[in-house]
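Worksheet: one structure, shown below.
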Amino acid sequence: EAQVTQNPRYLITVTGKKLTVTCSQNMNHEYMSWYRQDPGLGLRQIYYSMNVEVTDKGDVPEGYKVSRKEKRNFPLILESPSPNQTSLYFCASSLTSGNAYEQYFGPGTRLTVT
Amino acid sequence: AQSVSQHNHHVILSEAASLELGCNYSYGGTVNLFWYVQYPGQHLQLLLKYFSGDPLVKGIKGFEAEFIKSKFSFNLRKPSVQWSDTAEYFCAAYTGSARQLTFGSGTQLTVLP
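Heads up: the sequence lines are chains A and B, in that order.
Count the first sequence with this note's numbering and you get residues 1 to 114, in order.
Count the second sequence with this note's numbering and you get residues 115 to 227, in order.
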């Protein structure tokens, strides 16, 4: 089954404690991206990757890092989480950047930073 | 930079009522437009998309949207909503130059049985 998976689905952590949210897709997609969803703000892109070892900032990259060492995985790293990063996070992938409109979304990770 | 506006933040309707959700975008060039739906606790799913041609596009579950270039609008419509349509709806725009999907802030639709 074609899918995007994220782990964990729920996470409560404390300020400053480094964390990683994993994202994996099994569709051999080149393009992957991370979004955060906040009430009244919709989805905002954090980072995206057009292929292995190629990443770039989205609209709200501050406080986040990503890596793309393998095509299927695109982890999101919060080196020092802060309460304003409490949000719902979605990973997405598409065949290429030219198909970025037709993205498959993961189930979401709800992060709470206290 | 492109932007997408959804002015209805929360819409409450009774079953069988007609629905229209507004979406406006700001971009002067060629733009592709989409509506996504997010059911409670689930991830986003594509409802419909507009690339070119007939400005009235039909999507899944009886939804349709009309692209009006002169008004920079892409409103979502459904003649008769059902309780199961309760969800959050997002309008989105994509331009080849930005290679980015820009989302509106979303509209929460609640359909009362």
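Here a beta-carbon is modelled for each residue, glycine too, at the ideal position from N, C-alpha and C.
Using a threshold of 9 Å, state whether the C-beta atoms of residue i and residue j are closer than that.
{"i": "residue 204/B", "j": "residue 151/B", "result": "yes"}
{"i": "residue 23/A", "j": "residue 3/A", "result": "no"}
{"i": "residue 199/B", "j": "residue 162/B", "result": "no"}
{"i": "residue 110/A", "j": "residue 89/A", "result": "yes"}
{"i": "residue 16/A", "j": "residue 82/A", "result": "yes"}
{"i": "residue 181/B", "j": "residue 147/B", "result": "yes"}
{"i": "residue 47/A", "j": "residue 76/A", "result": "yes"}
{"i": "residue 112/A", "j": "residue 13/A", "result": "yes"}
{"i": "residue 186/B", "j": "residue 219/B", "result": "no"}
{"i": "residue 63/A", "j": "residue 35/A", "result": "no"}
{"i": "residue 193/B", "j": "residue 173/B", "result": "no"}
{"i": "residue 190/B", "j": "residue 202/B", "result": "no"}
{"i": "residue 125/B", "j": "residue 207/B", "result": "no"}
{"i": "residue 167/B", "j": "residue 209/B", "result": "no"}
Within 10 Å of its beta-carbon, does residue i have 16 or more other beta-carbons around it, so buried, or fewer, so exposed?
{"i": "residue 226/B", "result": "exposed"}
{"i": "residue 196/B", "result": "exposed"}
{"i": "residue 130/B", "result": "exposed"}
{"i": "residue 45/A", "result": "buried"}
{"i": "residue 26/A", "result": "exposed"}
{"i": "residue 165/B", "result": "exposed"}
{"i": "residue 54/A", "result": "exposed"}
{"i": "residue 170/B", "result": "exposed"}
{"i": "residue 72/B", "result": "This structure leaves residue 72/B out entirely; chain B is present only between 115 and 227."}
{"i": "residue 42/A", "result": "buried"}
{"i": "residue 128/B", "result": "exposed"}
{"i": "residue 117/B", "result": "exposed"}
{"i": "residue 121/B", "result": "exposed"}
{"i": "residue 153/B", "result": "exposed"}
Since residue i sits in a beta bridge, which residues does DSSP pair it with?
{"i": "residue 42/A", "result": "38/A"}
{"i": "residue 202/B", "result": "152/B and 222/B"}
{"i": "residue 25/A", "result": "4/A"}
{"i": "residue 94/A", "result": "31/A"}
{"i": "residue 214/B", "result": "209/B"}
{"i": "residue 195/B", "result": "In DSSP, residue 195/B forms no bridge with anything."}
{"i": "residue 189/B", "result": "180/B"}
{"i": "residue 114/A", "result": "Beta-bridge pairing links residue 114/A to no other residue."}
{"i": "residue 125/B", "result": "223/B"}
{"i": "residue 13/A", "result": "113/A"}
How about residue i: is its Cβ closer than 8 Å to a heavy atom in the ligand ATP?
{"i": "residue 227/B", "result": "This structure does not include the ligand ATP; it has no bound ligands of any sort."}
Taking Cβ-Cβ distances shorter than 8 Å, what residues in chain E pair up with residue i?
{"i": "residue 204/B", "result": "No chain E appears in this structure, whose protein chains are A and B."}
**OP:** Tell me the start and end of each unbroken beta strand (DSSP E) in the region 128-184 of chain B that is at least 3 residues and wholly inside, in chain order.
**Re:** 133-135, 138-140, 146-152, 159-164, 170-172 and 178-182
Original post:
Can you give, in chain order, each stretch of the beta strand (DSSP E) that sits fully within the region 44-76 of chain A and has at least 3 residues?
Top reply: As far as the region 44-76 of chain A is concerned, its whole beta strand (DSSP E) runs of at least 3 residues are 54-57.
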